[in-house]
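*Asks:* Sharing a structure with you now.
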Amino acid sequence: MERNEFIKSLGLGVVLVCSGACMQGCGKKNDASPSNNGGNGGNGNNGGGNNGSTVSVDLSSKLQNVGDQTATNGVLFFRVAAGNTTSSFVATESICPHEGGELVWLQSQNLIQCQTHYSEYSTSGSVIQGPQGAAGSTRTLKIYPLTISGNTLTAKVS
8 MERNEFIKSL GLGVVLVCSG ACMQGCGKKN DASPSNNGGN GGNGNNGGGN NGSTVSVDLS
68 SKLQNVGDQT ATNGVLFFRV AAGNTTSSFV ATESICPHEG GELVWLQSQN LIQCQTHYSE
128 YSTSGSVIQG PQGAAGSTRT LKIYPLTISG NTLTAKVS
């Protein structure tokens with residue numbers, strides 16, 4: 008085998024080995040959507056919990072002021088009005104359906120925004136603006152029904 012043939016075959020092997028590791032790094036992270044694993048049952052250790060098909064937040068330590076938000080077990084909770092009634096809160100997915108970016112509530116603009124490609128959604132989940140500077144489109148957000156029992160706000164995710 009000639010030296011240039013050896014170098015060509017070695018280069019091809021290195022490219023094949025390295026491309027696998029590089030492609031794995033481009034993959035999606037784990038799915039942060041709500042799961043049915045039982046969670047911590049909302050025992051107050053972190054202010055929230057996932058119990059089967061519900062996700063809960065302790066209102067005595069979270070979401071005390073209009074504009075406050077918290078994400079727990081794949082659900083983004085935020086307060087839109089004063090008072091402890093279900094209409095004072097919204098619960099939606101915490102991960103953007105476009106490419107998995109973090110969603111945040113922007114109170115001053117009254118919208119939910121993806122922090123990756125800046126898709127924007129209304130509090131009812133409808134798409135206001137699709138992803139910027141990225142291919143593809145997005146879908147409406149899931150808005151979860153809420154109940155309040157004492158100081159516990161619970162979203163039914165399935």
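Residue numbering for the sequence shown follows the working numbering, starting at 8 and increasing by one per position.
The C-beta atom is built at its ideal place from N, Cα and C for all residues, glycine as well.
1) By alpha-carbon positions, which one of 90, 99, 11 ends up nearest to residue 162?
2) So for residue 120, helix, strand or coil by DSSP?
3) Would you identify the three-state DSSP class for residue 136, choosing helix, strand or coil?
4) Only counting runs of 3 or more residues, tell me where the beta strand (DSSP E) segments fall wholly within the stretch 51–113, in order along the chain.
5) Going by the DSSP bridge assignment, what does residue 148 pair with across the sheet?
6) Hey, out of 89, 140, 132, 157, whose CA is closest to residue 150's CA?
*Replies:* Once the coordinates are examined:
1) In the sequence shown, counting from the first residue as 1, residue 162 sits at position 155. Of the listed residues, the one whose Cα sits closest to residue 162 is 99.
2) The residue labelled residue 120 in the question sits at position 113 within the sequence shown. Of the three classes helix, strand and coil, the one that applies to residue 120 here is strand, per DSSP.
3) In the sequence shown, residue 136 corresponds to position 129, counting from 1. Residue 136: strand per DSSP, three-state reduction.
4) 55–58, 61–65, 76–79, 82–86, 96–100, 110–113
5) Counted from its first residue, the sequence shown places residue 148 at position 141. Paired residue(s): none; residue 148 is not in a bridge.
6) Looking up residue 150 in the sequence shown gives position 143. Here the closest residue by C-alpha is 132.
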